[in-house]
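*Asks:*
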Amino acid sequence: MKKVYSFNPIPKELNAEESKYILGAQANLWTEYIQNENQVEYMVFPRILALSEVTWNGPSQNLENDYPDFLSRVENFMERFDALEVNYANHLYEIEGNILKEEGKVFYELTTPTKGKEIHYSINNAKTEVYSKPILIEENAKIKAHVFKNGEKVGSDFSEEIKYHKGITAKISLNVPPNPAYAGGGKEALINGISGSDKRYGDKEWLGFWGDNLEITIDFGTPTDINSVTTRFYNAPGQWIHAPKIIKMIRPFVDGTTDTISIPTFSPDDNNENIIEGYIPIIPILAGKMIDGSKIVLIIPNYGIIPEGQQGAGNKAWTFIDEIIIE
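The opening residue of the sequence shown carries number 38 in my numbering; numbering runs sequentially from there.
(1) Mind checking whether T365 and Y158 have CB atoms under 8 Å apart?
(2) Does the Cβ-Cβ distance between N177 and K200 come in under 8 Å?
(3) What separation, rounded to the nearest whole angstrom, lies between the Cα atoms of Q348 and N73?
(4) Do the region 55-75 and the region 84-97 make contact, defined as three or more Cβ pairs closer than 8 Å?
(5) Is it true that the region 259-267 meets the region 331-343, where meeting means three or more beta-carbon pairs spaced less than 8 Å apart?
(6) Just mark D249 as buried or exposed, buried being the case when its beta carbon has 16 or more other beta carbons within 10 Å.
(7) Buried or exposed for N272, please, with buried defined as at least 16 other CB atoms from any protein chain shown within 10 angstroms of its CB.
(8) Could you tell me the boundaries of the beta strand (DSSP E) in which A182 lies?
(9) Going along the chain, which unbroken runs of the beta strand (DSSP E) with 3 or more residues stay wholly within the region 206-279?
(10) Between S97 and P48, what straight-line distance do the alpha-carbon atoms span, to the nearest angstrom?
(11) For L227 and K208, I'd like the C-alpha separation in whole angstroms.
(12) In whole angstroms, what separates the C-alpha of N187 from that of E112?
(13) Is the distance from the Cβ of I156 to the Cβ of Y168 below 8 Å?
(14) Thinking C-beta only, is I363 closer than 8 Å to I231?
(15) With a threshold of 6 Å on Cβ separation, who are the neighbours of E252 within its own chain once the five nearest residues in sequence on each side are excluded?
(16) Go ahead and label L129 buried or exposed: buried means 16 or more other beta carbons lie within 10 angstroms of its beta carbon, across all protein chains shown.
(17) Quick check: the Cα distance between L108 and K190, rounded to an integer number of angstroms?
(18) Please classify I283 as buried or exposed, where buried requires at least 16 other C-beta atoms within 10 Å of its C-beta.
(19) With DSSP as the reference, label Y42 as helix, strand or coil.
(20) Counting C-beta neighbours from all protein chains within 10 Å, is the total for N229 16 or more, i.e. buried, or is it exposed?
(21) May I ask you to list the residues that DSSP assigns as paired with G134?
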């Protein structure tokens with residue numbers, strides 16, 4: 038809804054004289070995958086309120102101040118939706134979690150979009166507490182949380198699992214940025230300890246690259262013993278998403294030398310167009326051979342041009358990569 042609320046119906050390329058010809062805005066809902074009227078309502082409401090406000094009042098000039106005010110009015114409007122029996126999407130009481138890193142330490146921040154609410158949380162099934170500041174993370178953590186309004190639970194249960202590995206406090210750099218449409222949580226999402234969805238690639242943990250050969254450098258700052266490096270890719274040929282055929286890694290050793298290894302992402306008897314859509318777990322890039330260095334480099338060649346007979350034939354393939362776990 039925030040993305041809709043931030044929409045400006047007047048294209049920036051138009052000057053003041055040309056802008057007067059923009060008479061309004063239009064909201065399209067593509068229904069190829071929508072089964073019934075209830076789902077249509079869920080996809081439209083309450084986002085249509087955001088578009089209505091933008092087209093009536095003009096775009097926000099200060100999104101960070103205006104959007105919370107808008108949400109407070111939407112919250113009051115929910116009673117009208119209930120009276121009209123509209124099957125709206127109520128995400129006003131959802132919780133969002135984010136990893137923060139400060140001075141080599143890792144914290145987990147919890148937020149909810151509407152004001153005046155309490156978040157209660159527990160970590161690794163310990164006693165439930167009222168959230169007041171980011172939570173220090175020093176080990177594997179399972180976090181559960183819920184929003185309370187006037188002492189009563191509202192919204193859905195929230196849970197997150199964080200794997201605390203050696204890469205989580207490292208620095209990461211990419212030779213190319215992710216595509217803006219699938220930038221998710223940015224490059225830090227690849228080493229934040231949180232895995233993306235097993236069923237969809239559009240969340241903030243998966244990063245998408247269109248046609249690019251990817252090179253990822255993870256810098257630990259000091260020599261670090263490493264036993265394994267694992268990652269995974271999404272594979273959905275029907276959506277032009279093809280996992281790479283191989284992944285390479287430049288490995289540093291204690292004596293200062295390096296080597297480069299290549300690991301296939303598919304067995305010799307298979308290929309990615311035959312794999313069911315979804316994520317592909319990748320075998321460890323290192324197994325049983327310890328290395329010692331201050332950084333590693335992963336080289337991920339793009340699948341290439343999509344072959345004839347497949348969706349998107351003749352176009353560049355997408356690469357979607359998830360968490361890189363270093364142990």
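Using N, Cα and C, we set each Cβ at its ideal position, and we do this for glycine too.
*Replies:* The relevant details are as follows:
(1) The question about residue 365 has no answer, for the chain in this structure spans 38 to 364.
(2) Within the sequence shown, numbered from 1, the residue matching residue 177 stands at position 140. Within the sequence shown, numbered from 1, the residue matching residue 200 stands at position 163. In this structure, K200 lies closer than 8 Å to N177 by Cβ.
(3) Your numbering for residue 348 matches position 311 in the sequence shown. Your numbering for residue 73 matches position 36 in the sequence shown. Rounded to whole angstroms, Q348 to N73 spans 27 Å at the Cα level.
(4) yes
(5) yes
(6) Counting from one through the sequence shown, the residue named residue 249 turns up at place 212. With 16 or more Cβ atoms within 10 Å of its Cβ, D249 is classed as buried.
(7) Position 235 of the sequence shown, counting from 1, holds the residue named residue 272. Buried, since its Cβ has 16 or more Cβ neighbours within 10 Å.
(8) Position 145 of the sequence shown, counted from the start, is the residue given in the question as residue 182. A182 -> beta strand (DSSP E) spans A178 to K186.
(9) 208-211, 244-247, 251-263 and 269-272
(10) Start at 1 with the first residue of the sequence shown, and residue 97 comes out as number 60. Start at 1 with the first residue of the sequence shown, and residue 48 comes out as number 11. When rounded, the distance between both Cα atoms is 14 Å.
(11) As a position in the sequence shown, residue 227 is number 190, starting the count at 1. As a position in the sequence shown, residue 208 is number 171, starting the count at 1. The alpha-carbon atoms of L227 and K208 are separated by roughly 11 Å.
(12) If you number the sequence shown from 1, residue 187 lands on position 150. If you number the sequence shown from 1, residue 112 lands on position 75. The alpha-carbon atoms of N187 and E112 are separated by roughly 14 Å.
(13) Position 119 of the sequence shown, counted from the first residue, corresponds to residue 156. Position 131 of the sequence shown, counted from the first residue, corresponds to residue 168. Yes. Within cutoff.
(14) Taking the first residue of the sequence shown as 1, we reach residue 231 at position 194. Taking the first residue of the sequence shown as 1, we reach residue 363 at position 326. Taking 8 Å as the Cβ cut-off, I231 and I363 do not qualify as a contacting pair.
(15) Counting from 1 along the sequence shown, the entry for residue 252 is found at position 215. Around E252: N212 and I336.
(16) To locate residue 129, count along the sequence shown from 1; it is residue 92. Burial call: buried.
(17) For this step, residue 108 is matched to residue 71 along the sequence shown. For this step, residue 190 is matched to residue 153 along the sequence shown. L108 and K190: Cα-Cα distance of roughly 19 Å.
(18) Numbered from its first residue, the sequence shown carries residue 283 at position 246. That one is exposed.
(19) By one-based count along the sequence shown, residue 42 stands at place 5. The answer is helix: DSSP assigns Y42 an H, G or I state.
(20) The residue given as residue 229 occupies position 192 in the sequence shown. N229 comes out buried.
(21) Translated into positions along the sequence shown, residue 134 becomes position 97. DSSP, once it has assigned bridges, lists L147 as partnering G134.
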